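2 protein chains.
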Amino acid sequence: MKKGRVTIKDIARELNIAPSTVSRALNDHPAIKKETKDAVKALAEELDYQPNLLALNLLQKKSNTIGVIVPEITGHFFSAIITGIQDVIVNSEFNIMICLSNESYEEEMTIVKKLSKIQIDGVLVSPSSETKNFDHFRRLQKSGIPVVVFDRDCPGLEADKVLVDDYHGAFQAVEYLIGTGCKNIAHLGGPLNLSTTEHRLQGYLDALEKNNIPVNGKHIVHVPGFSHKDGIKPTKKLLELKERPDAIFAYNDNIAISAMHIAKKMGLKIPEEVSVLGFDDEPHSSFITPSLSTVWQPVYSMGMLSARILLSHLNNKNTTLEFRKEVFKPELVIRASSKAN
Amino acid sequence: MKKGRVTIKDIARELNIAPSTVSRALNDHPAIKKETKDAVKALAEELDYQPNLLALNLLQKKSNTIGVIVPEITGHFFSAIITGIQDVIVNSEFNIMICLSNESYEEEMTIVKKLSKIQIDGVLVSPSSETKNFDHFRRLQKSGIPVVVFDRDCPGLEADKVLVDDYHGAFQAVEYLIGTGCKNIAHLGGPLNLSTTEHRLQGYLDALEKNNIPVNGKHIVHVPGFSHKDGIKPTKKLLELKERPDAIFAYNDNIAISAMHIAKKMGLKIPEEVSVLGFDDEPHSSFITPSLSTVWQPVYSMGMLSARILLSHLNNKNTTLEFRKEVFKPELVIRASSKAN
DNA sequence: AAAGTCTATGCAAAGGTTTGCATAATTACA
DNA sequence: TGTAATTATGCAAACCTTTGCATAGACTTT
Chain Z
0 MKKGRVTIKD
10 IARELNIAPS
20 TVSRALNDHP
30 AIKKETKDAV
40 KALAEELDYQ
50 PNLLALNLLQ
60 KKSNTIGVIV
70 PEITGHFFSA
80 IITGIQDVIV
90 NSEFNIMICL
100 SNESYEEEMT
110 IVKKLSKIQI
120 DGVLVSPSSE
130 TKNFDHFRRL
140 QKSGIPVVVF
150 DRDCPGLEAD
160 KVLVDDYHGA
170 FQAVEYLIGT
180 GCKNIAHLGG
190 PLNLSTTEHR
200 LQGYLDALEK
210 NNIPVNGKHI
220 VHVPGFSHKD
230 GIKPTKKLLE
240 LKERPDAIFA
250 YNDNIAISAM
260 HIAKKMGLKI
270 PEEVSVLGFD
280 DEPHSSFITP
290 SLSTVWQPVY
300 SMGMLSARIL
310 LSHLNNKNTT
320 LEFRKEVFKP
330 ELVIRASSKA
340 N
Chain H
0 MKKGRVTIKD
10 IARELNIAPS
20 TVSRALNDHP
30 AIKKETKDAV
40 KALAEELDYQ
50 PNLLALNLLQ
60 KKSNTIGVIV
70 PEITGHFFSA
80 IITGIQDVIV
90 NSEFNIMICL
100 SNESYEEEMT
110 IVKKLSKIQI
120 DGVLVSPSSE
130 TKNFDHFRRL
140 QKSGIPVVVF
150 DRDCPGLEAD
160 KVLVDDYHGA
170 FQAVEYLIGT
180 GCKNIAHLGG
190 PLNLSTTEHR
200 LQGYLDALEK
210 NNIPVNGKHI
220 VHVPGFSHKD
230 GIKPTKKLLE
240 LKERPDAIFA
250 YNDNIAISAM
260 HIAKKMGLKI
270 PEEVSVLGFD
280 DEPHSSFITP
290 SLSTVWQPVY
300 SMGMLSARIL
310 LSHLNNKNTT
320 LEFRKEVFKP
330 ELVIRASSKA
340 N
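These protein sequence lines are chains Z and H, in that order. Just so we're aligned, residue 0 is where the first sequence starts under numbering that gives the first Met the number 0, counting upward by one. Just so we're aligned, residue 0 is where the second sequence starts under numbering that gives the first Met the number 0, counting upward by one.
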């Protein structure tokens, strides 16, 4: 057994023809005799020849790979987006390289540099919660790499963007709660410095204002992270308040579930004494008791659209399309953790 | 602005020196004068030069990339494993390419072919539930690519393996249920053709046998998939049985949660009338009501160990190490969905 | 001053593939 | 039979980087 993989040269030598002929035969070039083609293909098959894309990539100055940068994948949200991205990309000639920034600006920069070195063709990114400066993305763009931002906005960065109307989702949610008679609606806000956190908070505030409900500063608490455990302390803080809220609008389902858990432990009835409303509509949210009212986001579609936009750039390298900004509408899903209207 | 990226040649031309000198200067080769080095580095910095790893990879006949093949990532299980893998790999010179087979043998084969073409250096894989033939992995091994199998075994494939003692986990779980007085324990088994499904079933059967409880064929139902919705029908089937089980041991937490949901809907008390026990210990499982008893698996550690084993192969290409088989012990976590012992 | 040593740099090949151009081989036609 | 046209194949460059070897120049030693 010869060590190293089979190359086009091996086939050429074996058949006493030139490597270029082998290359053309494998690519069905019209100038090659059928006989030759057949012989080449047969031998290629026999030797289990796999073209070395590294060489082709070098020649074409592109890696046929697109990078996907996300903060994490253990939650359902980004996993589902990635699945959407992948389902689009898998039908193209591109590969995907998924990179986790772990919500760290530092790591995100390292990733961008790595991707740049392997001559990535395009990037899909949802920035870390620490990221305030977007120059690393601008540097990518400057060297001709299209960047598509999804879910979390990068304010001030000119790029294609696929976002969700978080403001509207939050506004709807809070207005619904008001409609069910809740007077003291608290908000468990997301981690600071995130567009989504800000927009959902603003939707909350505006819904209160529109309905002439005064904002109680004590009723707004931000959680430090996205998982269940991050909701425990903030919820306790809220529910132990003298002016105990009669509803909690949480940044996401994990936090909402955590809030329900604490509320139940404190002996509060849901939704009679406290309504709870989440955001994301995670798969298990409808299976818990009481089933969670929440705001659904078209995650899978967002992934697909982001990928499609990137692909369209990659396939029309020359034409300078305008940057697209697509904003998906979320939908309120009312279940049993909030009162009926 | 020149189009295309900055190369070593550009720097060489600008400085009137040879490309080889630039290369050496950038790599701190001792034979290069400090002056020259400084000049080169300064210019490289100024032009934001990023080395083209494609060229280096071609030269070295390796891509510095390892492939990770998983069936899906929307659940917590594989996401957490991937996070573990990534956290190890990120500190090496390698990149990770995550590929989703969507539980399809077909797609898995396509992925393997793609990875082979980009000269992947190593592969971490958890096979799809459809995969019965492992020749595609053997082909990788034959061309010198180390393969590490994790979580789901590939029986008959000689490779490094990082698994969980599913049998033991299931055995423990069922024996615990028996200890709490359950006499009619049903099993919501996983999709067929999976090592994990088989081992958990066997653990269930052996626990019954050891305790002289006859096996009731009607009390074993397999679910078609891994998510909540896949558990609905099978659970109904079980709970509508004349000989209604007084406990359900489910293949995973999603199914268990689904089962609890149905049981509650049917007015059954948990755990008084039906105990429910899952597998995986997903993050939300302790936050639902009643909190779910389950079997914890060291997912993150499994990811890390798998990656470390692969790395050790890649760093010792010459030495032929024995294949390692590491089996993690799962742990029973008793919460409120099962009776006290 | 000649020979030897050392320092700093350059040359060229290698890695696998594609592709424009050149050329060899064959056929068609005058 | 000779020339043109056609068909099939080969040659060589290019993509970018690294690296063994060669070499030019400076300095040291006898």
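Ideal Cβ positions, reconstructed from N, Cα and C, are used throughout, including at glycine. What you are looking at is a predicted structure, and each value in this text was computed from that prediction instead of being measured.
Item                                                                                                              : Value
For H/H167 and H/K328, believed in contact at Cβ under 8 Å, the rounded distance                                  : 7 Å
Spatial distance of H/K1 from H/L46 (CA atoms)                                                                    : Unreliable positioning characterises H/K1 in this predicted model, as indicated by a pLDDT of 45, which lies under 50. A coordinate reading is not provided.
H/T20 versus H/A38, H/S103, H/P70, residue with shortest Cα-Cα distance                                           : H/A38
7 Å Cβ cutoff, H/I72 in contact with chain Z                                                                      : yes
Proximity test, Cβ basis, 7 Å: Z/P336 and chain H                                                                 : Contrary to the premise, residue 336 of chain Z reads as Ser rather than Pro in this sequence. Closer than 7 Å: no.
Z/V111 versus Z/A262 - alpha carbon distance                                                                      : 43 Å
Where H/F77 sits in the DSSP three-state scheme                                                                   : helix
Spatial distance of H/V121 from H/K160 (CA atoms)                                                                 : The question names Val, but residue 121 of chain H in the sequence shown is Gly. Approximately 14 Å between the Cα atoms of the pair.
Separation of H/K217 from H/R243, as counted between CA atoms                                                     : 10 Å
Assigned secondary structure, Z/M265 (DSSP; H/G/I helix, E/B strand, else coil)                                   : coil
Chain Z residues whose Cβ lies nearer than 7 Å to that of H/A54                                                   : L57
Cβ contact check for the segment 274-283 of chain Z and the segment 247-264 of chain Z: 3 or more pairs under 8 Å : yes
Secondary structure of Z/I247, DSSP reduced to three states                                                       : strand
Distance between H/N211 and H/V67 (C-alpha atoms, nearest Å)                                                      : 43 Å
Inter-residue Cα distance where the pair is Z/N315 and Z/G83                                                      : 22 Å
Simplified DSSP assignment, three categories, for Z/S274                                                          : strand
Residue closest to Z/V220, alpha-carbon to alpha-carbon, out of Z/D205, Z/L238, Z/P29                             : Z/L238
With 16 other Cβ atoms within 10 Å as the buried cut-off, status of Z/R12                                         : exposed
As assigned by DSSP and simplified to three states, the class of Z/N94                                            : strand
Residues that DSSP places opposite Z/H221 in a beta bridge                                                        : Z/G188
Test item: CB-CB of Z/S103 and H/R4 under 7 Å                                                                     : no
Straight-line gap, Z/V87 to Z/F149 (C-alpha atoms, nearest Å)                                                     : 15 Å
Any chain H beta carbon closer than 7 Å to Z/S363                                                                 : Nothing about residue 363 of chain Z can be reported from this structure: the residues present for chain Z run from 0 to 340 only.
Residue from Z/T195, Z/I144, Z/P213 whose Cα sits closest to the Cα of Z/I177                                     : Z/P213
Distance CB(H/S336)-CB(H/L291) smaller than 7 Å                                                                   : yes
Nearest candidate by alpha-carbon position, reference Z/P282, set Z/A79, Z/T130, Z/N183, Z/V326                   : Z/A79
Supposed close pair Z/V298, Z/E330 - CB separation, criterion 8 Å                                                 : Z/V298 to Z/E330, Cβ: 12 Å. No contact.
Per-residue DSSP class, three states only, for H/S292                                                             : strand
Beta-carbon proximity of Z/S100 to Z/S128, cut-off 7 Å                                                            : no
Residue environment, H/A30, which counts as buried when at least 16 other CB atoms sit within 10 Å                : exposed
Option nearest Z/Y48 by Cα separation, candidates H/K131, H/I7, H/L25, H/R138                                     : H/R138
Reduced DSSP category for H/G168 - H, G, I as helix; E, B as strand; rest coil                                    : helix
Contact list for Z/H312 against chain H, beta-carbon separation under 9 Å                                         : Under the 9 Å cutoff, chain H gives no residues; its nearest Cβ is about 16 Å from Z/H312.
Chain H contacts from the segment 80-98 of chain Z (Cβ-Cβ distance under 9 Å)                                     : I81, T82, Q85, D86, V89, N94, I95, M96, I97, C98
Presumed contact (8 Å Cβ cut-off) between H/L187 and H/Y250, rounded CB distance                                  : 6 Å
Cβ-heavy atom distance, H/L139 to the ligand NAD, below 6 Å                                                       : Ligands displayed in this structure: none; no statement on the ligand NAD is therefore possible.
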